[in-house]
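Protein sequence lines, in the order shown, are assigned to chains U and R.
Converting from the first sequence to my numbering requires adding 15 to each position, the first position being numbered 1.
Converting from the second sequence to my numbering requires adding 35 to each position, the first position being numbered 1.
A virtual CB, placed ideally from N, CA and C, is assigned to each residue, including glycine.
Computed from a prediction, not measured in an experiment: that's the story for all the values here.
Worksheet: the structure to be examined is printed underneath.
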Amino acid sequence: MALQTSIAEYFNLR
Amino acid sequence: MFEASLAQSAILKKVLDAIKDLLNEANFECTDDGIKVQAMDNSHVSLVSLELRSDGFEKYRCDRNLSMGVNLASMAKIMRCSSNSDKVTIKAQDDNPDKVSFIFESSNQERISDYEMKLMDIDADQLGIPDTEYSCVVKMPSAEFARICKDLNQFGESLVISCSKEGIKFSTSGDLGSANVKLAQTTDADKDDAVTIEMRSPVTLTFACRYLNHFTKATPLSSQVQLSMSDEIPLLVEYRIGDMGCIKYYLAPKIDD
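Structure (C-alpha cells):
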C-alpha cells in the first residue's frame, strides 16, 4: 500500500 | 498605492480557475517585480506557486511591498463578473489595506464595473523551495496530460508515472481493473503536440490522481505542460502564463510503507 507523504516534509519552512 | 492593469481579464480568470479548487485562501505578495502567491492545499500534500511578473501587465505600480490576504472563492466570483475581453485593474492602498478593488472596463468603454473585496489576515507558512536538477523533465501537450489524469482516475486512486528514454508511461489499477498510457518521445520537438523528454536517469513515482486533476484545471492557460521528476521528491507540474509568468504545482509522492 503506498502511503501519501506531506509536501512540508520536502520543503523547509522559512 | 498598488495598481495593476491587464488588457484582457481572461488570463486572470483562468489563473483563478486554476487555483481556486485547490486553495481556499492565499496571500498575494505584491512587489516591484510583480505578484507572487505560494500556498499549500489544506491537506498539505501539494503546494502552488504562482508568479505574474510586473512587465506582463499593461500598467503596474507598487509603491510599497504589499501582502493581500485573498479568499480565492470570493475573488473567483468577482472575476466571473468580467467579460474575457474586459480590461481589468486591481487597486489597493498600500498601507496595510483591508480591501482591494477590481475595475472591469469593456473594450468599447461603454461598461465600467467595480467590485470591492474584503481582505483577510492569513497566517500561512512560507516554504523554501530548493532549486532541483531533476532526473526527468517531460514537455507534453497539456490537454493530453489532462485527459490521461481524468481517464485513469476512473480506474484507480494512484497514478504511477514511469519515465525512461523510450517515453513516459502512466499506470493505475483498482477494483475495476488496470490501465496504462504510454507516450513515446516525438521527433518534431517544436510542435505544440510534441512530447519531449530530457532524461538524466529513469524514474518511477506514485501520486494521488485527485491532486493531478486539480492541477490540470490550469490547462486553458497553456497548450504545453512540463513535468519534472526525481525519485522520492515532489513532482513539479508547470504551466506557463503567456510570457508574464507561470503556475508551478508541487505534489508529494506516495511511497511504499
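- For Asp-292(R), the nearest beta carbon of chain U is closer than 8 angstroms to its own beta carbon.
- In the DSSP assignment, Tyr-284(R) forms a beta bridge with Val-83(R) and Val-272(R).
- Proximity of Lys-289(R) to chain U, defined by a Cβ-Cβ separation below 8 angstroms, is satisfied.
- A contact between stretches requires three or more CB pairs, one per stretch, nearer than 8 angstroms, and the stretch 162-176 of chain R meets this requirement with the stretch 220-238 of chain R.
- For the pair Ala-74(R) and Ala-219(R), the Cα-to-Cα distance works out to about 34 angstroms.
- Here Ala-39(R) is buried. Its C-beta has 16 or more other C-beta atoms within 10 Å.
- Within the stretch 163-192 of chain R, contact with chain U at the beta-carbon level (separation under 8 angstroms) is assigned to Gly-163, Ile-164 and Pro-165.
- When C-alpha distances from Val-230(R) are compared across Gly-202(R), Ser-84(R), Thr-207(R) and Lys-126(R), the shortest belongs to Gly-202(R).
- For Ala-159(R) and Ala-61(R), the gap between their C-alpha atoms comes out near 8 angstroms.
- Classified as buried, Gln-261(R) has 16 or more neighbouring CB atoms from the shown chains inside 10 Å of its CB.
- Within the same chain, Cβ atoms closer than 8 angstroms to the Cβ of Asp-56(R) are found at His-249 and Lys-252, the five residues on either side in sequence being excluded.
- Closest by C-alpha distance to Gly-91(R), out of Asp-98(R), Ile-138(R) and Gly-69(R), is Gly-69(R).
- Taking C-alpha positions only, Thr-207(R) is separated from Phe-242(R) by approximately 10 angstroms.
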